[in-house]
Amino acid sequence: MKNIISTGVLCLLLAGCSMINRERVPDEVPDWTVAYAMPSFYPVRVTKAYGINTQEDWTSILHTHSQFMTVSDFKRIKGFLPDYNGYGLPLAFATMGGDSQIQPTNHLPDKVVLYWTSLF
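For the sequence shown, my numbering assigns the number 4 to the initial residue and increments by one for each residue that follows.
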């Protein structure tokens with residue numbers, strides 16, 4: 004029983020000390036998210052995505068991506084972007100899929116990694 008209590012106290016102490024040296028980011032800075040766009044004539048499925056910050060030594064995994072073909076549907080995108088030809092990347096908020104982080108943070112990652120596969 005003493006070992007369990009000692010281990011618990013040690014974990015709390017280490018968790019508290021690990022936060023001391025972190026760079027402060029103002030609270031009004033929103034948590035970052037990832038959004039992605041795909042051409043209508045070449046749809047893809049994002050299977051995994053995460054951000055890595057090497058300076059602060061963390062990796063933030065994003066929620067499972069479960070987009071549907073309607074995200075990149077040609078007729079749907081033409082409603083938002085009338086000049087869209089189906090081959091480029093439709094960069095409009097309503098035409099992109101995206102997900103939030105599992106453990107939200109407003110510290111930006113150094114890089115974002117996406118795993119994707121073609122649906123054709």
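Cβ atoms here follow ideal geometry from the backbone N, Cα and C, with glycine treated the same way.
It should be emphasised that the depicted structure is a prediction, and the values quoted were computed from it without experimental measurement.
As assigned by DSSP and simplified to three states, the class of residue i
| i | result |
| --- | --- |
| Q106 | coil |
| S75 | helix |
| G82 | helix |
| N24 | With a pLDDT of 47 at N24, under the threshold of 50, the modelled position of that residue is not reliable, and no figure is offered here. |
Terminal residues of the beta strand (DSSP E) in which residue i lies
| i | result |
| --- | --- |
| G54 | 47-56 |
Residue i versus the options, residue with shortest Cα-Cα distance
| i | options | result |
| --- | --- | --- |
| T36 | P112, Q58, W119 | P112 |
| G54 | Y39, T62, Y45 | T62 |
| I105 | I64, V32, A38, A40 | I64 |
| N56 | W119, E31, R79, K114 | K114 |
| S103 | T73, A52, P85, F77 | A52 |
| V32 | P93, P85, D86, P107 | P107 |
Opposing strand residues paired with residue i [DSSP bridges]
| i | result |
| --- | --- |
| Y118 | K51 |
| W61 | N56 |
Beta carbon of residue i nearer than 8 Å to that of residue j
| i | j | result |
| --- | --- | --- |
| D60 | N109 | no |
| G89 | F44 | yes |
| G91 | P46 | no |
| L117 | Y39 | yes |
| T120 | T73 | no |
is_contact[residue i, chain D] using C-beta, thresh 8 Å
| i | result |
| --- | --- |
| D34 | Included in the structure is just one protein chain, with no chain D present. |
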